[in-house]
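Asks: For the sequence shown, my numbering assigns the number 424 to the initial residue and increments by one for each residue that follows.
I'd like to ask you about the structure that follows.
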Amino acid sequence: MPQIDTLLQQPHVASLVATYSHDEVRRALRETLDQLRRDIQGGGVVGLPDFASEPFAHRIADRIKAARQPNLRPVINATGIIIHTNLGRARLAPEALQAMDQIAARPSNLELNLKTGKRGSRYDHAEALICQLTGAEAALIVNNCAAAVVLALMGTAAGRKVIASRGELIEIGGSFRLPDVIAQSGAELKEVGATNKTRLSDYADAVDEDTAVLLKSHTSNFRIVGFTSAPSRNDLAQLAAERDLILMEDLGSGVLIDLAPFGLRDEPVVADILKAGVDLVMFSGDKLLGGPQAGIIAGRADIIAGLRKHPLLRALRIDKLSLAALEATLRLYLPPHDPLARVPVLRALSQPLAEVEARAQRLAGSLAAVKGVDVEVMASAAYVGGGSLPQQDLDSFSVVVASAALPAETLADRLRAGVVPIVGRIHQGKLWLDMRTVTDDELPDIVAALGAIAAT
């Protein structure tokens, strides 16, 4: 292998320094030589390239261009998982994108009261909307739901006890476990009941003078079925009121409208939870609500007033762009808007099956002209995702792609490596592209990507 300094003196390589930085060219050369060594040692390459040639310089330039590409990139979600955590969860509505653009481009009244000309609060901008949509007395927005839970517990139960059912001590993504969150809040967890059965008397018997909170957690990402029971929210609310305790619920996903008409049950509506007497409910902005990442605390005004004064709030506060997107998304739930049509997550959930099939047929028809690729439209199952409704699926249609020249895994790898990465799923040895999570304007990119792969 030649020395890097020697390669830098080759005319074609040296010319790259005029376009890119010296450090970038040196780094690309080193990475290319390291890769060559590995390939030769592994038997994948026989012989060396012409290091003085123009093609070798192009190879270095391509590596530099690839390194300059943003790491965080938009992708096409063809997995059939609507709220895909690894793919950024909720797709935002155009109104939310426009709101973010406007607030990012110019100064804003983020913390200025325009009426008085004095300092205002970022927490005021969307509070009235949340209260209107949920029936809450007050609301507070932080940067995610885990932060909302930590803040709520620290502000109400630090140094005291929190009672929770063993069957609701959940673990969310990234190995974050509710008992650990409670411990970090400075509260002491008191587990009651059994995994499958917890009675109201279990809660009542565990209450002592150090108890501050009854905590209910919605098991949004798993279900315990069979011989089970749990007290109702109304019963827990009555117990909390009698013992002067706070009843709070970590809802997780958080939905503002009833999804039962679309066959999706067991996901409680935020307003119904508050009507049942829960004092505080915490939920996410970027799941079933269909907005940006945010953690929303809604409920009693006196408790939330205390949380606003907590010193941790500044570390957990929501940023101005997420706040703008959240406010714009919430407004889509108000008349005359139809959230099922305007909020992308809800549109994907409620989209008629015939429309999904029609999209699949259009894509299959466009791919018919691509040589070396076989496609067929197949019925499939889509999922809500985001830790919501784990046992329920949605009828869907997928375009199933196969290539005689490429295994499904290789085809999937190349689609992810494209200019617009496309993420599908492999099933029965073929690549499935689910059309419930793909939009009409993304179809040309899929056709172009598969066409480019077939041409190589």
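Where a beta carbon is used, it is the ideal one built from N, C-alpha and C, also for glycine.
(1) Whose CA, out of L866, G700 and L439, lies closest to the CA of G722?
(2) Kindly indicate which residue of V636, R486, S588 and A484 has the alpha-carbon position closest to the one of K620.
(3) Let me know the secondary structure DSSP gives S745 once reduced to three states.
(4) Starting from the C-beta of T502, find all residues in its chain whose C-beta is less than 8 Å away, skip the five residues before and the five after it, and write them out in chain order.
(5) If you check the beta carbons only, do T579 and I726 fall under 8 Å apart?
(6) Express the C-alpha separation of S640 and Q784 in angstroms, rounding to a whole number.
(7) Short of 8 Å in beta carbon distance, which residues of its chain neighbour R486, apart from the five on each side in sequence? Order them along the chain.
(8) Would you call the region 693–710 and the region 667–684 in contact, with 3 or more CB pairs under 8 Å?
(9) For S544 and N536, I'd like the C-alpha separation in whole angstroms.
(10) Looking at C-alpha atoms only, which residue of L757, L623 and V565 is the closest neighbour of I586?
(11) I'd like the list of long-range same chain contacts for M801, defined as Cβ closer than 6 Å, with 5 residues on each side in sequence excluded.
(12) Apply the 10 Å Cβ neighbour rule to A653 and answer buried if 16 or more other Cβ atoms are within range, or exposed otherwise.
(13) State the Cα-Cα distance for the pair L563 and R731, rounded to the nearest angstrom.
(14) Indicate the three-state DSSP secondary structure (helix, strand or coil) for K853 in the structure shown.
(15) Does the region 776–796 come into contact with the region 740–757, if we say contact requires no fewer than three beta-carbon pairs (one atom in each stretch) closer than 8 Å?
(16) Give the C-beta separation of D702 and I669 to the nearest angstrom, bearing in mind that I take them to be a contact with Cβ-Cβ under 8 Å.
(17) Going by DSSP, which residues form a beta bridge with Y756?
(18) Could you name the residues of the same chain whose beta carbon sits closer than 6 Å to that of A805, not counting the 5 residues immediately before and after it, in chain order?
(19) Please report the Cβ distance between M705 and V604, rounded to the nearest whole angstrom; I am assuming they are in contact, meaning their Cβ atoms lie under 8 Å.
(20) Report buried or exposed for L574, applying the criterion of at least 16 other Cβ atoms within 10 angstroms of its Cβ.
(21) What three-state label does DSSP hand E591 in the structure shown?
(22) What are the uninterrupted segments assigned as alpha helix (DSSP H) that are 4 or more residues long and contained completely in the region 815–846, given in chain order?
(23) When you compare only the Cα positions, how much space is there between L744 and K541?
(24) Report the option in L866, L749 and E665 whose CA atom is closest to the CA atom of L515.
(25) Going by the CB atoms, is the gap between M671 and V615 shorter than 8 Å?
(26) Please return the same chain residues whose Cβ sits closer than 8 Å to the Cβ of L854, not counting the five positions on each side in sequence.
(27) At which residues does the alpha helix (DSSP H) containing Q518 begin and terminate?
(28) For V766, which residues in the same chain have their Cβ closer than 6 Å to its Cβ, ignoring the five residues on either side in sequence?
(29) For the alpha helix (DSSP H) that contains L623, what are its first and last residues?
(30) Can you tell me which of the three DSSP states T642 falls into?
(31) If you count every other CB in all the chains shown that lies within 10 Å of the CB of T879, and 16 or more means buried, which is it?
(32) Any idea which residues DSSP pairs N494 with across the strands?
(33) Using C-beta distances below 7 Å, list every residue in its chain close to M577, excluding the 5 sequence neighbours before and after it, in chain order.
(34) Terminal residues of the continuous beta strand (DSSP E) containing V861?
(35) Could you tell me which of H850, G809 and K794 sits nearest to G874, measuring between CA atoms?
(36) Sort out for me which residues DSSP pairs G675 with in a bridge.
Replies: Judging by the given coordinates:
(1) G700
(2) S588
(3) helix
(4) Only L510, V846, G847, R848, D857 and T860 meet the Cβ criterion.
(5) yes
(6) 42 Å
(7) A451, E454 and T455
(8) yes
(9) 8 Å
(10) L623
(11) S821 and V823
(12) buried
(13) Approximately 8 Å between the Cα atoms of the pair.
(14) strand
(15) The region 776–796, when compared against the region 740–757, does not touch it at the 8 Å Cβ threshold.
(16) 5 Å
(17) DSSP, once it has assigned bridges, lists no residue as partnering Y756.
(18) G503, L817, S819, D857 and R859
(19) Not quite, the Cβ-Cβ distance comes to about 11 Å (not below 8 Å), so this is no contact.
(20) buried
(21) helix
(22) 831–839
(23) 22 Å
(24) For L515, the nearest C-alpha among the options comes from L749.
(25) Their beta carbons are not under 8 Å apart, which means V615 does not touch M671 by this criterion.
(26) V823, V824, A825, A831, L834, A835, L838, G847 and R848
(27) The residue asked about is misnamed: residue 518 is Glu in this sequence, not Gln. E518 -> alpha helix (DSSP H) spans P517 to A528.
(28) A516, G713 and L755
(29) Per DSSP, L623 is one residue of the alpha helix (DSSP H) stretching across L623 to A629.
(30) In the three-state reduction of the DSSP assignment, T642 falls in the coil class, being assigned neither a helical nor a strand state.
(31) exposed
(32) Beta-bridge pairing links N494 to no other residue.
(33) Answer for M577: S608, G609, H733 and L735, listed in chain order.
(34) Taken as a continuous stretch (DSSP letters only), V861 belongs to no beta strand (DSSP E), as it is neither H nor E.
(35) K794
(36) Bridge pairing for G675: F706 [DSSP].
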